[in-house]
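Asker: Count along the sequence shown from 1, then add 221; that gives the number in this note's numbering. Where is the CB? At the ideal position from N, CA and C, for every residue including glycine. There's a structure below that I have some questions on.
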Amino acid sequence: MDWIKSTLESTPEIALFVCLAIGFAVGRVKIWKISLGGVAGTLIVAIFLGMVADIELNDQVKQIAFALFIFTLGYISGPTFFASLNRKSLRYATFTGIEVVSVLAITAAAVLIMNLDVGTAAGLLAGGATESAAVGTATDAIGRLDLSDTEIATLQANVGTAYSISYICGLITIVLLSSQFFPLIMRVNLREEAAKLWAKLGGAEDDATATPAAPPIVGREYRVTAAAGRTVAELQSDLGEATVEEVFRQGAAVKVEPGTRLAEGDKVLLVGRREALVGAAAHVGTEVNLDESMGMSLDLADVVVTRKGYKASTLGEIRRDFETERQGVFLQKIIRGDHELPVQPKTLIQRGDTLRLAGAARDMQRAVPMIGFRVDPKVTFDMVFIAIGVVLGFLIGMLVWTVGTIPLTLGTGGGCLLAGLLFGWIRSKRPTFGQYDSGAADVIKTLGLATFICAVGLSSGPQAVELVEEFGVGLPIAGVAMTAIPAFISLFVAWKVMKLPAPLTLGAVTGQQCSTPGVTAVQGAAGNATPLMAYTIVYAFSNVVLPLLGPIVVAMAHAIG
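Listed below in structure tokens is the structure:
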């Protein structure tokens, strides 16, 4: 045991990865519908390890890890955040506003009633709002207070301990409220309401939870009989989501144009959505075995919506307005940030969304430039552009404004977040550079935040017992209130004032806290992805605003404490 302790103390890098391994394993454990997640699991393991061993990670490692996390968070959120600044989406910012005002007011009340120190107040807010990024921005702000090194170290340690307590309380609260209690309060059957909304969006009743047993885009060959004498355009109009890609007449290829008239005996290759081709034989003729000479490979591409002058529109509006231009190109997925949205006619497509498209190469070459930028799968990380952005973030974080005796600064966290937003927005406008693959971004975000949280937890260990003894059950109660009060307010606003459907109401409530476990539980109860339509918009606003509360809560608690 002594050997293990001395090894961890002498090589903190080993302690870091021990915490990550055990923490992420703990985070996977599910009790009912709730799991802590890897980051919270790492924090708890690090706190316990910090109680039994004197382990300290290098400050530079902690700063670099947090800078990479917060810059990436801003970079990925930037396009969605700015795209949401439109008439159709901006009203959802109301929920972020409710969250901000509520958590600051509750924190102020807790400081006055419980006489919380600055670090505990900041950790309470970050955990109750389930916003891990606020831990970093608050810790950075505390480091700039005019206090001794010992006082700063103690306050920064209190941030992590208070966060771990209130985060667990907040996570359980938001999952239970959003997926179980709120539907009862609203007196609705969430699954039925979600099915109604899905149908209203243009989906069939049975496709909300269906998993395709065959490819959604297929190619089939027919011998023309029923379509003889008709033009390609007329046939495609009858078929819907299918196109004529090749025509062979007496063994020779015929140029395919809208006005090309089909003759009896022609062999045609149709490509389209499987459901559109099910009854195609009645419109075309007898289906025959696919001739290898007519076989073709479909092109698959992820395309970021960057069309100049594009305004947020529903998928149905886009299909109607670009009826001719989209021929032969089929939409398979809509991805916003880290979430996949339902492919339904009334789903809102925003600038910065990524569309998974499939179709013949010639059709894709025509359509993709009209939509935006095709993501190069070979490029995952533009190191030059991203490194310059992080440098700018550090420089912004060095700016300090003194109000009275209180230094106000965005710090490393706020500076890198704003730089990430700016560079993400630039990338959405000029997508030929700055590519940051979503998979690579997820690894950087997760590893960066987990490393930073581990450093906070290791330093929090020695003070954890003292903090719990000092405030007792007050911290868990305050953590529950920090989550429940804004959630109840938003429920009333969404349900009674905005008259949102139940799935969108619950998606907005979980989105204002950036609670992925919360919206996952709501999706499970709803049976489809409709809650994500509100969640992704509110999440974009909250993901940007909540981390900036770190220095604000530090200044507020320092002033009134």
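Threshold first: 3 residues or longer. Then list the beta strand (DSSP E) segments lying entirely within the stretch 739–777, N to C.
Answerer: You should have found no qualifying run.
Asker: Give me the Cα-Cα distance between Val468 and Glu442, rounded to the nearest whole angstrom.
Answerer: As a working note, residue 468 is residue 247 in the sequence shown. As a working note, residue 442 is residue 221 in the sequence shown. Taking the straight line joining both Cα atoms gives about 10 Å.
Asker: Can Phe302 and Phe762 be called in contact, C-beta distance under 8 Å?
Answerer: The residue given as residue 302 occupies position 81 in the sequence shown. The residue given as residue 762 occupies position 541 in the sequence shown. Cβ distance < 8 Å, so Phe302 and Phe762 count as in contact.
Asker: In whole angstroms, what is the alpha-carbon distance linking Ala582 and Val550?
Answerer: As a first step, residue 582 must be located in the sequence shown, where it is residue number 361. As a first step, residue 550 must be located in the sequence shown, where it is residue number 329. Going by the C-alpha atoms only, they are around 9 Å apart.
Asker: I need the DSSP call for His560, collapsed to helix, strand or coil.
Answerer: The residue labelled residue 560 in the question sits at position 339 within the sequence shown. In the structure shown, His560 sits in a strand (DSSP, three-state: E or B).
Asker: What number of angstroms, rounded off, separates the C-alpha of Glu496 from the C-alpha of Gly440?
Answerer: Within the sequence shown, the letter at position 275 stands for residue 496. Within the sequence shown, the letter at position 219 stands for residue 440. Rounded to whole angstroms, Glu496 to Gly440 spans 12 Å at the Cα level.
Asker: Using CA atoms only, rank isn't needed, just tell me which of Ala640, Gly618, Ile363, Met719 is closest to Ile609.
Answerer: Start at 1 with the first residue of the sequence shown, and residue 609 comes out as number 388. Considering only alpha carbons, the answer is Ala640.
Asker: For Lys226, collect the residues of the same chain with a Cβ closer than 6 Å to its Cβ; drop the 5 residues on either side in sequence, then sort them by chain order.
Answerer: The residue labelled residue 226 in the question sits at position 5 within the sequence shown. These residues qualify, in order along the chain: Ala274.
Asker: How should Met619 be labelled, buried or exposed, when 16 other C-beta atoms within 10 angstroms of its C-beta is the threshold for buried?
Answerer: Translated into positions along the sequence shown, residue 619 becomes position 398. Burial call: exposed.
Asker: Which of the three DSSP states, helix, strand or coil, is assigned to Gly486?
Answerer: Position 265 of the sequence shown, counted from the first residue, corresponds to residue 486. Three-state result, Gly486: coil.
Asker: The alpha helix (DSSP H) with Gly480 in it runs from where to where?
Answerer: In the sequence shown, counting from the first residue as 1, residue 480 sits at position 259. Premise fails: Gly480 is in no alpha helix (DSSP H) and is neither H nor E.
Asker: Between Val339, Ala503, Ala304, which lies nearest to Arg444 when the distance is taken from Cα to Cα?
Answerer: Taking the first residue of the sequence shown as 1, we reach residue 444 at position 223. The residue with the shortest Cα to Cα distance from Arg444 is Ala503.
Asker: Taking only three categories from DSSP, how would you classify Asp830?
Answerer: Residue 830 is absent from the structure shown; the chain starts at 222 and stops at 782.
Asker: Mind reading off the beta-carbon distance from Phe316 to Gln733? Whole number of angstroms is fine, and I expect it under 8 Å.
Answerer: For the purposes of this step, residue 316 is taken as residue 95 along the sequence shown, with counting starting at 1. For the purposes of this step, residue 733 is taken as residue 512 along the sequence shown, with counting starting at 1. Phe316 to Gln733, Cβ: 4 Å. Contact.
Asker: With distances taken Cα to Cα, identify the nearest neighbour of Leu576 among Lys554, Asp584, Lys720, Phe594.
Answerer: Position 355 of the sequence shown, counted from the start, is the residue given in the question as residue 576. Out of Lys554, Asp584, Lys720, Phe594, Lys554 has the C-alpha closest to the C-alpha of Leu576.
Asker: Return helix, strand or coil for Gln553, following the three-state DSSP convention.
Answerer: Start at 1 with the first residue of the sequence shown, and residue 553 comes out as number 332. In this structure, Gln553 counts as strand in the three-state DSSP scheme.
Asker: Considering Phe594, what are the terminal residues of the beta strand (DSSP E) in which it resides?
Answerer: Within the sequence shown, the letter at position 373 stands for residue 594. Its beta strand (DSSP E) spans residues 593–595.
Asker: DSSP state of Ala579, grouped into three classes?
Answerer: Translated into the one-based positions of the sequence shown, residue 579 becomes position 358. If DSSP states are grouped into helix, strand and coil, Ala579 belongs with the strands.
Asker: Give a yes or no on contact between the stretch 468–488 and the stretch 405–415, applying the rule of three or more CB pairs nearer than 8 Å.
Answerer: Judged by Cβ distances under 8 Å, the stretch 468–488 makes no contact with the stretch 405–415, as fewer than three pairs qualify.
Asker: Rounded to whole angstroms, what is the Cα-Cα separation between Lys417 and Ala354?
Answerer: Residue 417 sits at position 196 when you count from the first residue of the sequence shown. Residue 354 sits at position 133 when you count from the first residue of the sequence shown. Using only the alpha carbons, I get a separation of about 36 Å.
Asker: Determine the extent of the alpha helix (DSSP H) in which Arg495 is found, giving its start and end residues.
Answerer: Taking the sequence shown and counting its residues from 1, the one referred to as residue 495 is at position 274. Residues 495–498.
Asker: Just how far apart, CA to CA, sit Ser399 and Leu337?
Answerer: Along the sequence shown, read from residue 1 onward, the residue named residue 399 stands at position 178. Along the sequence shown, read from residue 1 onward, the residue named residue 337 stands at position 116. Roughly 29 Å between the two C-alpha positions.
Asker: Using 8 Å for Cβ pairs, my map puts Val740 next to Thr731. What's the rounded Cβ distance?
Answerer: On the sequence shown, position 519 is the one that residue 740 refers to. On the sequence shown, position 510 is the one that residue 731 refers to. Right, their Cβ atoms sit about 4 Å apart.
Asker: Using the Cβ count rule (16 or more neighbours within 10 Å means buried), how would you classify Phe654?
Answerer: Numbered from its first residue, the sequence shown carries residue 654 at position 433. Result: exposed.
Asker: Between the beta-carbon of Tyr313 and the beta-carbon of Ala755, is there less than 8 Å?
Answerer: Within the sequence shown, numbered from 1, the residue matching residue 313 stands at position 92. Within the sequence shown, numbered from 1, the residue matching residue 755 stands at position 534. In contact: Tyr313 and Ala755 (Cβ atoms closer than 8 Å).
Asker: Could you give the uninterrupted runs of the beta strand (DSSP E) lying entirely in the stretch 366–447, keeping only those of 3 residues or more?
Answerer: Correct list: 438–445.
Asker: Give the secondary structure of Arg541 by DSSP, where H, G and I count as helix, E and B as strand, and everything else as coil.
Answerer: Locating residue 541 in the sequence shown gives position 320, where the first residue counts as 1. If DSSP states are grouped into helix, strand and coil, Arg541 belongs with the helices.
Asker: At what residue ranges does the stretch 695–742 contain a whole run of the beta strand (DSSP E), taking only runs of 3 or more?
Answerer: Here no run is fully enclosed.
Asker: Report all residues from its chain with a CB closer than 6 Å to the CB of Leu257; omit the five preceding and five following residues, and keep chain order.
Answerer: Residue mapping note: residue 257 aligns to position 36 of the sequence shown, counting from 1. Answer for Leu257: Gly248, listed in chain order.
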